[in-house]
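Sequence order for the protein chains is A and B.
Position in the first sequence counted from 1, then plus 1, gives you our numbering.
Position in the second sequence counted from 1, then plus 1, gives you our numbering.
Structure first, commentary second.
2 protein chains.
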Amino acid sequence: MEADAVFKALADASRRDLLDRLFDRNGQTLGELTKGLAMSRQAVTKHLAILEAANLVITLRRGRKKFHYLNPVPIQLIAARWIGKYDEARAAALVDLKRELENDDGQG
Amino acid sequence: MEADAVFKALADASRRDLLDRLFDRNGQTLGELTKGLAMSRQAVTKHLAILEAANLVITLRRGRKKFHYLNPVPIQLIAARWIGKYDEARAAALVDLKRELENDDGQG
DNA sequence: TTGACATGCAACCAAAAGGTTGCATTAATT
DNA sequence: AATTAATGCAACCTTTTGGTTGCATGTCAA
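Put into structure tokens, the structure is as follows:
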């Protein structure tokens with residue numbers, strides 16, 4: 002999996018909003034997704050292409066319409082591989098910092 | 002919490018690498034973090050500033066040295082608030098898509 | 001106090017990101 | 001066949017991003 006593409010895709014608030022809208026109602030067309038956004042259809046197309054390249058959105062052409070479906074798998078994978086790592090660090094990190102703060106006359 | 006700053010901070014591979022290095026050894030100085038990276042000290046400074054602004058890194062000046070500590074809390078918060086949402090969507094999303102794919106003579 | 005070490009600040013630059021407009025293509029409707 | 005609807009493609013523009021270099025500041029050591 003291309004974790005970098007997923008992180009970059011998630012970095013933009015408009016794209017996270019698009020994912021949220023697909024979460025609320027899956028299988029929307031480009032036109033539907035554009036409605037209510039303060040941005041042109043072409044801009045939305047670009048955002049959706051980035052989401053699709055990151056495999057966060059799966060599309061389905063039928064006739065002249067293009068339906069968009071949320072794919073939560075890449076987010077799951079990142080959560081499992083990357084964030085889980087930081088779970089175990091939670092306690093340790095703050096202890097390290099606290100010790101350093103208290104040890105004010107340390108080996109500076 | 003500023004979720005956007007966290008997402009943006011995590012979008013860059015160099016910054017994720019810096020977090021990984023702090024995970025491996027917490028409390029490193031700017032100079033130590035710069036070593037082995039194919040980039041100038043000033044570039045690293047900028048990356049660390051972005052991580053610090055996102056509250057992913059906490060710094061501590063002591064004399065002429067600046068120590069950097071990993072703060073995993075913002076990542077935990079995002080995992081809880083944002084990714085948990087997509088946990089429940091996992092099954093549903095693929096079912097929706099599959100149904101659409103099979104229903105080939107649908108209301109296109 | 002002089003010199004070396006660790007970091008900060010600022011100007012600058014190229015490339016990427018996010019957006020726009022205009023036109024082309026494809027598919028449904030009448 | 002002509003019209004309308006949904007989307008694709010491409011050129012263009014501005015701002016942000018990621019990086020550089022040069023110099024300044026602060027701090028430790030001799």
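Glycine included, every Cβ here is placed at the ideal spot set by N, Cα and C.
What's the C-alpha gap between B:K36 and A:R82?
-> As a first step, residue 36 of chain B is located in the second sequence; it is residue number 35 there, counting from the start. As a first step, residue 82 of chain A is located in the first sequence; it is residue number 81 there, counting from the start. The straight-line gap from Cα to Cα measures roughly 26 Å.
What separation, rounded to the nearest whole angstrom, lies between the Cα atoms of A:H69 and A:A39?
-> As a first step, residue 69 of chain A is located in the first sequence; it is residue number 68 there, counting from the start. As a first step, residue 39 of chain A is located in the first sequence; it is residue number 38 there, counting from the start. Approximately 19 Å, taken between the alpha carbons.
So, helix, strand or coil for B:R16, using DSSP?
-> Locating residue 16 of chain B in the second sequence gives position 15, counting from the first residue. Note: B:R16 maps to helix in three-state DSSP.
Using a Cβ-Cβ distance under 8 Å, would B:T5 count as near chain A?
-> Locating residue 5 of chain B in the second sequence gives position 4, where the first residue counts as 1. For the record, residue 5 of chain B in the displayed sequence is Asp; it is not Thr. Output row for B:D5: interface = yes.
For A:T60, write down the residues that DSSP places opposite it in a beta bridge.
-> Residue mapping note: residue 60 of chain A aligns to position 59 of the first sequence, counting from 1. A:T60 pairs with A:H69.
Host alpha helix (DSSP H) of A:I76 (start-end) = Position 75 of the first sequence, counted from the start, is the residue given in the question as residue 76 of chain A. Unbroken alpha helix (DSSP H) run through A:I76: 74–79.
Where does B:G109 sit, in a helix, a strand or coil, going by DSSP?
-> Taking the first residue of the second sequence as position 1, residue 109 of chain B is located at position 108. Any answer about B:G109 is weak, because its pLDDT of 31 lies below 50 and its placement is not dependable; what the coordinates show is given next. Looking at B:G109 - three-state DSSP - the assignment turns out to be coil, as it is neither helix nor strand.
Three-state secondary structure (DSSP) of B:E3 = As a working note, residue 3 of chain B is residue 2 in the second sequence. Here B:E3 sits in coil by DSSP.
Could you check if A:Q29 is buried or exposed, using at least 16 other CB atoms within 10 Å of its CB as the buried criterion?
-> Against the first sequence, residue 29 of chain A aligns to sequence position 28. Buried, because 16 or more other Cβ atoms sit within 10 Å of the Cβ of A:Q29.
Have a look at A:G109 and B:R63 and give me their C-alpha separation to the nearest angstrom.
-> Mapped onto the first sequence, residue 109 of chain A falls at position 108. Mapped onto the second sequence, residue 63 of chain B falls at position 62. Because the pLDDT at A:G109 is just 31, under 50, the model does not fix this residue reliably, and the value given afterwards should be weighed accordingly. Their backbone Cα atoms lie some 6 Å apart in a straight line.
Taking 8 Å as the CB-CB cut-off, is B:L31 touching chain A?
-> Here the question's residue 31 of chain B lines up with position 30 in the second sequence. It does not; no Cβ of chain A falls within 8 Å.
Length of the line joining the Cα atoms of A:A50 and B:K66 = Here the question's residue 50 of chain A lines up with position 49 in the first sequence. Here the question's residue 66 of chain B lines up with position 65 in the second sequence. Near 45 Å, if we compare the C-alpha coordinates of B:K66 and A:A50.
Please decide whether A:A55 counts as near chain B, where near means a Cβ-Cβ distance under 8 Å.
-> Position 54 of the first sequence, counting from 1, holds the residue named residue 55 of chain A. No, because no Cβ of chain B sits closer than 8 Å to the Cβ of A:A55.
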